[in-house]
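Novice: Using our numbering, the first residue of the sequence shown is number 227, and each one after it goes up by one.
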Amino acid sequence: MTQDDFPFHFNSDACASCGGRCCRGAGGYVWVSWEELEEMAKVRGMNAGLFAKQYARRVQDRLSLQERIISGEHFCCFFDRIDCRCTIYESRPTQCRTFPFWERFKQDPQELFAECLGVVKIPQLIICGGSNTT
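1. Give me whichever residues DSSP pairs with I296 in a beta bridge.
2. Return helix, strand or coil for R318, following the three-state DSSP convention.
3. Mapping DSSP to helix, strand and coil, what is T360?
4. With 16 as the cutoff for other CB atoms within 10 Å, does M266 come out buried or exposed?
5. Taking 8 Å as the cut-off, does the segment 254-263 touch the segment 282-291 (at least 3 CB pairs, one atom from each stretch)?
6. So L343 is in the alpha helix (DSSP H); what residue range does that whole segment cover?
7. Hey, is M227 close to the ligand SAH, as in C-beta under 7 Å from one of its heavy atoms?
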């Protein structure tokens with residue numbers, strides 16, 4: 227899959243063998259809207275308020291999914307470490323749905339190439355111009 231203005235394409239088939247690199251590693255934030263939390267709660271059969279209390283954290287004026295820290299590694303609270311999969315895949319937040327096509331990777335995707343097995347650099351087409359003399 228490709229998107230305009232990104233210097234790479236993404237092969238989602240690689241997700242099955244990567245071990246969930248985008249769902250674990252260094253600490254960070256998975257930003258969510260209240261509407262997304264409501265949808266996740268609905269899929270889990272939970273009250274949205276209780277769901278938010280159990281799985282989200284407030285960071286200033288925003289909401290982020292909680293992380294679990296195990297042996298110094300950060301994991302999304304919905305990442306199943308045994309099966310290496312997202313337990314809320316169908317209702318995952320926009321941030322997860324749009325990965326790896328994030329604005330920050332448009333100009334500098336180097337970090338992404340090291341992190342994501344499904345990201346493949348698109349070779350640049352170089353057109354050599356010549357002069358036409360008669």
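Ideal placement from N, C-alpha and C gives every residue a C-beta, glycine not left out.
Specialist: Let me lay it out:
1. In the sequence shown, the residue the question calls residue 296 occupies position 70. DSSP, once it has assigned bridges, lists E299 as partnering I296.
2. Along the sequence shown, one-based indexing puts residue 318 at 92. Reduced to three states, the DSSP call for R318 is coil.
3. As a first step, residue 360 must be located in the sequence shown, where it is residue number 134. Since pLDDT at T360 reaches only 48, below the 50 mark, its modelled position is unreliable, and the value read off the structure follows with that caveat. Coil, per DSSP.
4. For the purposes of this step, residue 266 is identified with residue 40 of the sequence shown, where counting begins at 1. So M266 counts as buried.
5. yes
6. Position 117 of the sequence shown, counted from the first residue, corresponds to residue 343. Note, L343: premise wrong, no alpha helix (DSSP H); not H, not E.
7. As presented, the structure is devoid of all ligands, the ligand SAH included, so that no description of it is given.
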